[in-house]
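A.B. asks: Supplied in structure tokens, the structure appears directly below.
Protein chains: 2
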Amino acid sequence: MTDTPAARGAATLPFDALSADCPSRSVVDRLTSRWGVLVLAALRRGRVMRFSELRRTVEGVSEKMLAQTLQGLEREGLVHREARPVVPPHVEYTLTPSGEEAAVLVIGLVSWAEANTEAIVRARASYDGRRTA
Amino acid sequence: MTDTPAARGAATLPFDALSADCPSRSVVDRLTSRWGVLVLAALRRGRVMRFSELRRTVEGVSEKMLAQTLQGLEREGLVHREARPVVPPHVEYTLTPSGEEAAVLVIGLVSWAEANTEAIVRARASYDGRRTA
DNA sequence: CGGGATCCTCTATGATACTG
DNA sequence: CAGTATCATAGAGGATCCCG
Chain A
1 MTDTPAARGA
11 ATLPFDALSA
21 DCPSRSVVDR
31 LTSRWGVLVL
41 AALRRGRVMR
51 FSELRRTVEG
61 VSEKMLAQTL
71 QGLEREGLVH
81 REARPVVPPH
91 VEYTLTPSGE
101 EAAVLVIGLV
111 SWAEANTEAI
121 VRARASYDGR
131 RTA
Chain B
1001 MTDTPAARGA
1011 ATLPFDALSA
1021 DCPSRSVVDR
1031 LTSRWGVLVL
1041 AALRRGRVMR
1051 FSELRRTVEG
1061 VSEKMLAQTL
1071 QGLEREGLVH
1081 REARPVVPPH
1091 VEYTLTPSGE
1101 EAAVLVIGLV
1111 SWAEANTEAI
1121 VRARASYDGR
1131 RTA
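Note that the protein sequences, when read in sequence, are chains A and B.
The numbers in the working numbering rise by one with no breaks, and the one at position 121 of the first sequence is 121.
The numbers in the working numbering rise by one with no breaks, and the one at position 115 of the second sequence is 1115.
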């Protein structure tokens, strides 16, 4: 049997993302980007947040990365940007319906990670111990 | 009221990962690392795979990054490595129970991304059109 | 076959300063 | 306030060769 990626993809593999050329990979990359994950989590469930509010909520993010991340998510149609033409500027960010869906999944991951952090820290210590010994 | 990350975390925020010092962030970072996601997806549901098998399945990954990713996942206790002392070497990788849990969530994300790739590509085009115009 | 060791190239990320 | 522009750097990621 031919075992090309295409053949496997159509026949048995539900995950095209495993193939190099699938555009879904770039989507996954953005969803799972360092700050993308945290911004989606911060905007969950219809929250409306301003730029500086996000800046404070997502601790450690720089202005530059926050702006860049928000633009990326907006481009993917996951985040909606509402700019009110006043001075000083007033800009609000929310998740789009699509963004809400993605956020649910991302938050699932984050929650799991938090629930299992202790176990993982223990696993790390064990692994490191074995290697050092 | 004191507004330390710890205080907020306990009181109102379900997501400690939003605070900079929470160890869960490093867990999230690894789970969502570029190749980590794809390796977890490839090893889903009790699959047993050898190194070169993974190398072929996760298209585009280099030997170095695959080795590095597998070691990272093994360290977190998500992947089990079984090396049989024969020549030529025979090494098998599987998910641990913990890894299976994480994989389910990661695959959820990947699947969503694949299902929504078209919509996202359209959103991109729309966004780019608006900016260029 | 399954890596380890090296060297090299980018890109992601940050710090800082400036602006409408 | 909400960014943009610039400069600088660590680390991700890749190519290649080597070994048990």
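Don't be surprised by glycine CBs; every beta carbon is placed ideally from N, CA and C.
Since this is a predicted model, take the numbers as computed values, not measurements.
If you run the structure through DSSP and keep just helix, strand and coil, what is B:T1094?
C.D. replies: Note: B:T1094 maps to strand in three-state DSSP.
A.B. asks: Would you kindly work out how many angstroms separate the C-alpha atoms of A:G60 and B:D1021, rounded to a whole number?
C.D. replies: For A:G60 and B:D1021, the distance between alpha carbons rounds to 9 Å.
A.B. asks: State yes or no: is the beta carbon of A:F51 nearer than 8 Å to at least one beta carbon in chain B?
C.D. replies: So, not an interface residue.
A.B. asks: Is the stretch 113 to 131 of chain A close to the stretch 86 to 100 of chain A, with three or more CB pairs under 8 Å?
C.D. replies: The stretch 113 to 131 of chain A, when compared against the stretch 86 to 100 of chain A, does not touch it at the 8 Å Cβ threshold.
A.B. asks: Report the residue from A:S19, A:V110 and A:R50 whose alpha carbon sits nearest the alpha carbon of A:L95.
C.D. replies: It is A:R50 whose Cα lies nearest to the Cα of A:L95.
A.B. asks: Given a cut-off of 8 Å, decide if B:V1027 and A:I107 are closer than it, judged by their beta-carbon atoms.
C.D. replies: Not in contact: A:I107 and B:V1027 (Cβ atoms no closer than 8 Å).
A.B. asks: Would a check of beta-carbon distances place B:Y1093 closer than 8 Å to chain A?
C.D. replies: Not one chain A Cβ lies under 8 Å of B:Y1093.
A.B. asks: Looking at the unbroken beta strand (DSSP E) that takes in A:A83, where does it start and where does it end?
C.D. replies: A:A83 -> beta strand (DSSP E) spans V79 to R84.
A.B. asks: How many Å lie between B:R1044 and B:W1112 at the Cα?
C.D. replies: Answer to the nearest angstrom: the Cα atoms are 16 Å apart.
A.B. asks: Starting from the C-beta of A:S52, find all residues in its chain whose C-beta is less than 8 Å away, skip the five residues before and the five after it, and write them out in chain order.
C.D. replies: Closer than 8 Å at Cβ, skipping near neighbours: no residue.
A.B. asks: How many whole angstroms separate the CB atoms of A:S33 and A:T57, which I take to be in contact at a CB cut-off of 8 Å?
C.D. replies: In fact, because the Cβ distance is near 17 Å, the residues do not count as touching under 8 Å.
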